[in-house]
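I have placed the structure first, in the form of structure tokens, so that the comments after it can refer back to it.
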Amino acid sequence: MGHKKRLSRIRFPRIKPYITFIITTLIVYLILSTVVVSKKYNLQVGEIAKFDIKAPRDVEDKVATQKSIEEELKHVQETYTYDANIRKGALDNINKLFELVKKINSENPPYNPSSEDDNEKIKSEQEKINGIKLKKLKEESVIKNLSTENYGLLLSLNETGLNSLNEEIVDCMNNLYDTTPIYENKPQDIVSAQGYITAFFNNTSYAKNVKDLAMAIGYSQTKATYFVDHEKTEEARQNITKNVTPVIYKKDQTIIAEGQPITESQIELLNDLGLLGNDKSTGIYMNLVLLLVVAGVLGLQWRYIKEKRRDIYEDNSKVILINLLTVLTVVLARISILISPYVIPFACISILLSVLIDSKTSVTIGILNVIFISFIVKFSVDLTLIAMVNAVIVPMVLKRVQQRNDILYSSLLIGAINVVFTGAMGYFLSTNVTSIINKAMLTGISAIVSGILAIGILPVLENIFDVLTNIKLLELANPN
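Numbering-wise (my numbering), the sequence shown opens with residue 55 and increments by one.
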């Protein structure tokens with residue numbers, strides 16, 4: 055009587071769950087790091103590139119973006135606010151000056167000579183009075199920048215002349231502020247306003263020295279009425295900065311072209327991407343993040359098994375089996391991507407999980423494993439969705455499987471679903487019909503490959519882990 059040689063069951067020692075978790079985490083992390091952690095380059099500004107360097111992910115060209123912002127800011131006009139108090143203050147100063155002159159003149163009347171005074175004494179006394187008046191006017195005047203001659207001329211005018219000149223100057227300044235905007239930090243506006251005052255008094259009938267006096271008073275009260283509103287101007291600048299579209303290098307877009315000199319902005323881009331050999335911090339950060347993601351995903355798998363499937367959690371061999379299949383997911387994806395990402399056997403591990411464990415566990419573990427696959431395919435939307443669909447549909451398709459050959463037939467159905475799904479999704483992502491058809495056919499082939507691999511791997515795992523599957527029971531019950 056002949057007998058078949060079979061693989062003997064490996065008796066796994068009772069391993070602490072956390073040890074299995076750590077080993078699985080490290081293996082998955084090491085495999086994914088070969089894809090996620092990019093090659094480093096030692097390059098200098100001005101060096102001629104010997105090969106093309108493409109962006110491993112979307113990255114902002116900060117130098118180019120900053121140049122765009124600076125260019126837009128050049129066209130930002132400063133926001134000005136009108137200050138009506140400047141005009142009011144100027145007119146008040148002019149009126150106060152003339153009121154003061156009248157007051158000083160009334161308090162210090164001309165010297166009244168007696169019959170005994172000679173001309174020299176009269177002249178001397180009058181000069182004393184004029185000196186007192188001039189000194190007082192200079193001290194009390196709100197307009198300080200007039201010449202001594204102009205102050206003296208003001209004091210020499212009679213009340214009628216003072217009133218007339220006061221009215222003319224006020225009229226001139228009112229017209230000036232009504233018609234001429236004067237902006238802060240624009241000296242040409244002051245010059246233009248003073249030109250208006252000059253023209254105004256040149257057209258009057260006053261004596262030249264009086265015209266000069268009126269102009270001097272007008273000039274002294276010519277001030278900016280529009281001032282920069284720094285808050286509103288800064289707000290406008292901030293809005294411009296926010297609205298500038300960042301310059302983005304898309305994933306797989308060429309950053310540095312072969313044969314071209316390397317620029318400072320390109321070096322900055324490589325530094326932001328962590329592709330420079332002298333930048334170790336970014337590489338450490340990426341490795342740490344990757345390790346945390348792997349540990350997080352595996353932690354979710356373990357939490358699900360512990361809380362929802364306690365029977366599996368307490369079976370050491372099944373825990374190791376699930377972790378082995380997770381590692382196998384990453385290994386198959388990493389090897390297949392060397393040929394084409396579309397031939398990754400997305401359904402293989404889900405088939406094995408459904409047969410060796412159960413359908414519910416297969417869906418949960420399969421969906422979480424899609425995260426690892428997405429790292430390997432560089433977060434390609436269509437490939438990630440295909441992997442997700444396979445993780446969900448495989449347990450449903452395998453419900454009627456009664457023998458191993460049925461797995462292959464089921465994989466044909468899964469392949470047909472893959473072809474339709476990939477083709478439909480490709481219609482929204484691309485207009486290249488040939489490319490869409492090729493990708494759809496490859497995902498169909500990947501399903502068939504998944505079935506073949508599953509049929510080949512299944513008996514090995516059944517014997518090593520001594521798993522009694524429904525397929526095996528049906529085969530044993532079949533006398534043929």
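Note that CB positions come from ideal geometry on N, CA and C, so glycine has one too.
Quick caveat: nothing in here was measured; it's all calculated off a predicted structure.
(message) Starting from residue 316, trace the alpha helix (DSSP H) in both directions and tell me its first and last residue.
(response) That residue, residue 316, is in no alpha helix (DSSP H); it is neither H nor E in DSSP.
(message) Using a Cβ-Cβ cutoff of less than 7 Å, which residues in the same chain neighbour residue 74 once the five nearest sequence positions on both sides are dropped?
(response) 373, 374, 377
(message) Let me see if you follow: with CB-CB separation under 9 Å, is residue 406 close to chain B or not?
(response) The chain labelled as chain B is not found in the depicted structure, where only one protein chain is given.
(request) At 4 residues or longer, and completely inside the segment 102–171: list those alpha helix (DSSP H) runs for me, N to C. (result) 116–127, 138–161
(request) Would you decide whether residue 225 is buried or exposed? Buried here means 16 or more other CB atoms lie within 10 Å of its CB. (result) exposed
(message) On the CB-based measure, 16 or more other CB atoms within 10 Å of its CB, does residue 450 come out buried or exposed?
(response) exposed
(request) May I ask you to report which of helix, strand or coil DSSP gives residue 344? (result) helix
(request) Grab me the residues of residue 267's own chain with a C-beta within less than 6 Å of its C-beta, minus the 5 sequence neighbours each way, in chain order. (result) 204, 207
(request) Could you check what DSSP says for residue 281 in three-state terms: helix, strand or coil? (result) strand
(request) Could you pull out every residue in the same chain whose Cβ sits closer than 7 Å to the Cβ of residue 58, ignoring the five residues on either side in sequence? (result) Unreliable placement is indicated for residue 58, whose pLDDT of 42 sits below 50; the coordinate value is still reported in the next sentence. Once the five neighbours on either side are set aside, residue 58 has no close Cβ partner at all.
(message) Helix, strand or coil for residue 73? Go by DSSP, reduced to three states.
(response) helix
(message) What would DSSP say about residue 61, mapped onto helix, strand or coil?
(response) Only weak support is given to the placement of residue 61: the predicted model assigns it a pLDDT of 46, under 50, and the value that follows is read from those uncertain coordinates. Of the three classes helix, strand and coil, the one that applies to residue 61 here is coil, per DSSP.
(request) Using 10 angstroms around the beta-carbon of residue 265, count the other beta-carbons present and answer buried if the total reaches 16, otherwise exposed. (result) buried
(message) the ligand PLP and residue 321: does the residue's C-beta get closer than 8 Å to at least one heavy atom of that ligand?
(response) The ligand PLP is absent from the structure shown, which contains no ligand whatsoever.
(request) Determine, using beta-carbon pairs with one atom in the segment 338–352 and one in the segment 480–498, whether at least three such pairs fall under 8 Å. (result) no
(message) Please report the distance separating the alpha-carbon of residue 523 from that of residue 409.
(response) 6 Å
(request) Would you mind reading off the limits of the alpha helix (DSSP H) that contains residue 4? (result) Look at the range of the chain in this structure, 55 to 534, and you will see that residue 4 is not part of it.
(message) For a quick check, are the C-beta atoms of residue 301 and residue 114 less than 9 Å apart?
(response) yes
(message) Below 8 Å, how does it come out for the segment 94–111 and the segment 244–251: are there three or more Cβ pairs, yes or no?
(response) no
(request) Give the single residue among 132, 180, 422 whose Cα lies nearest to the Cα of residue 239. (result) 132
(request) Taking the CB atoms as reference points, tell me whether residue 136 and residue 282 lie closer together than 9 Å. (result) no
(message) Please classify residue 385 as buried or exposed, where buried requires at least 16 other C-beta atoms within 10 Å of its C-beta.
(response) exposed
(message) Does the segment 407–425 come into contact with the segment 463–471, if we say contact requires no fewer than three beta-carbon pairs (one atom in each stretch) closer than 8 Å?
(response) no
(request) Could you spell out the range, first to last residue, of the alpha helix (DSSP H) harbouring residue 248? (result) 241–256
(message) So the candidates are 262, 89, 83; which of them puts its Cα closest to the Cα of residue 395?
(response) 89
(request) Report yes if the C-beta distance between residue 390 and residue 397 is below 9 Å; otherwise report no. (result) yes
(message) Using only the alpha-carbon positions, how far apart do residue 316 and residue 116 sit?
(response) 16 Å
(request) Just the C-alpha distance for residue 501 and residue 447, rounded to the nearest angstrom, thanks. (result) 12 Å
(request) Measure the Cβ-Cβ separation of residue 471 and residue 431 and say whether it is below 9 Å. (result) no
(request) Check whether the Cβ atoms of residue 103 and residue 307 lie closer than 9 Å to each other. (result) no
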